[in-house]
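One line per chain: the protein sequences are B and S, in this order. Number 150 in the numbering used here belongs to position 150 of the first sequence; there are no gaps in the numbering. Number 1112 in the numbering used here belongs to position 112 of the second sequence; there are no gaps in the numbering. Just below is one structure, and these are the notes that go with it.
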Amino acid sequence: VANKILDLFASSAAMDITLASLASSTTGVGRQTALITNSNGEQAVKIFVMLKQGTSPTGGKNAFIHALYGDGDGHVTDGAGSADAALTILNAERLARPMKNKSSPATGEILYQECIIYHPGPEWGIALYQDTETNLDATEANHYIRYAYFSPEIQ
Amino acid sequence: VANKSIDIFGASTDLPTGTMSSDPREVTLADNTANRFEICRLYAYIRASGTPAVGDLVNFYLIQHDNGSPAHLSDGASGVTSTIVPVPRNAVYLGSSWVGPSPSSTMYVSFECLLYQPGHKWSILVDPDFVAWSAHSYIRYVGINREIQ
Chain B
1 VANKILDLFA SSAAMDITLA SLASSTTGVG RQTALITNSN GEQAVKIFVM LKQGTSPTGG
61 KNAFIHALYG DGDGHVTDGA GSADAALTIL NAERLARPMK NKSSPATGEI LYQECIIYHP
121 GPEWGIALYQ DTETNLDATE ANHYIRYAYF SPEIQ
Chain S
1001 VANKSIDIFG ASTDLPTGTM SSDPREVTLA DNTANRFEIC RLYAYIRASG TPAVGDLVNF
1061 YLIQHDNGSP AHLSDGASGV TSTIVPVPRN AVYLGSSWVG PSPSSTMYVS FECLLYQPGH
1121 KWSILVDPDF VAWSAHSYIR YVGINREIQ
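As structure tokens, this is what we get:
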């Protein structure tokens, strides 16, 4: 009997990260989420990001989304910790093309990005920085990083 | 009945690097003949002995072994921890990490990647631009097998 394989989608969940007023940086100074323990062995995770730009951002700039990987035995990319915290991103894998803004963006314009991690391993997280030359919007509820696992399911 | 496929993780396993330097170095083979991991996630942490220069790279390559006799090993590697200087290098390039601004004597570079179907036996060739400090560096992996629930 042939058995079809479908993607089994888990619910979208918010990641623990403080993005309000995140300062602009051209040297990777940004923020990390709390690490997620992949205790169910999920095989892929899709990431959904929304950021609200701050006051008078410079055009043609970006936010950058990176992956953090932990081996469950103390190793985490770029020496990241396990909690929501500031992080200088150096060698963390960039997950998507840059999250680009307009050439002449207005205050408060929203940026969206999505990307995927295959086989994230025992622990994983997201790190992000932005170089729009102004802080992100100051209201935390105006930003998020969410994730939704999906793993194959044999029918 | 629908059955979900999940990842089962092996323990994080060290690939001994031996005494590192600025020379390209292969680490001892991971023997995958028993575990038969379909996927491995690699985790590396390389620290310099002294202060590296901005822009210095650490390059990572995959050494593959066919378990034959005589064995095929990428770039004629030995399969045990040692210096390896093949030129030109034809092992599969995995990627690089770099030394960022304002390096210090305590800084390090991290590197992670996925290896799909690494095969019977495999290893890593690490090639730092700086003199690596063995006692504060490591290369590890977590093996992954999928399991139908």
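Where a beta carbon is used, it is the ideal one built from N, C-alpha and C, also for glycine.
| Item | Value |
| --- | --- |
| 7 Å Cβ cutoff, Q32 (chain B) in contact with chain S | no |
| Contacts of Q130 (chain B) in chain S (Cβ-Cβ under 7 Å) | Within chain S, no residue comes near Q130 (chain B); the closest Cβ sits about 18 Å away, beyond 7 Å. |
| Proximal residues to E1112 (chain S) (C-beta, below 8 Å), its chain only, five neighbours per side dropped | R1041, L1042, Y1043 and A1044 |
| Minimum Cβ-Cβ distance from I1124 (chain S) to chain B less than 7 Å | no |
| Within chain S, partners of Y149 (chain B) - CB distance below 7 Å | None at all; the shortest Cβ gap to chain S is about 10 Å. |
| The beta strand (DSSP E) enclosing D1007 (chain S), as first and last residue numbers | N1003 to F1009 |
| Beta-bridge pairing of E1026 (chain S) - partner residues as DSSP gives them | S:S1082 and S:L1125 |
| For N1035 (chain S), the three-state DSSP class (helix, strand or coil) | coil |
| C-beta neighbour in chain S for D7 (chain B), strict 7 Å | no |
| Cβ neighbours of Q1149 (chain S) in the same chain (closer than 8 Å, five flanking residues each side left out) | N1003, K1004, S1005 and I1006 |
| Cβ separation of D1140 (chain S) and E1038 (chain S), assumed to be a contact under 8 Å, to the nearest whole Å | At residue 1140 (chain S) the sequence reads Arg, which differs from the Asp that was named. Not quite, the Cβ-Cβ distance comes to about 18 Å (not below 8 Å), so this is no contact. |
| Cβ-based contacts, 7 Å cut-off: residues of the stretch 1002-1013 of chain S near chain B | A1002, N1003, K1004, S1005, I1006, D1007, I1008, F1009 and S1012 |
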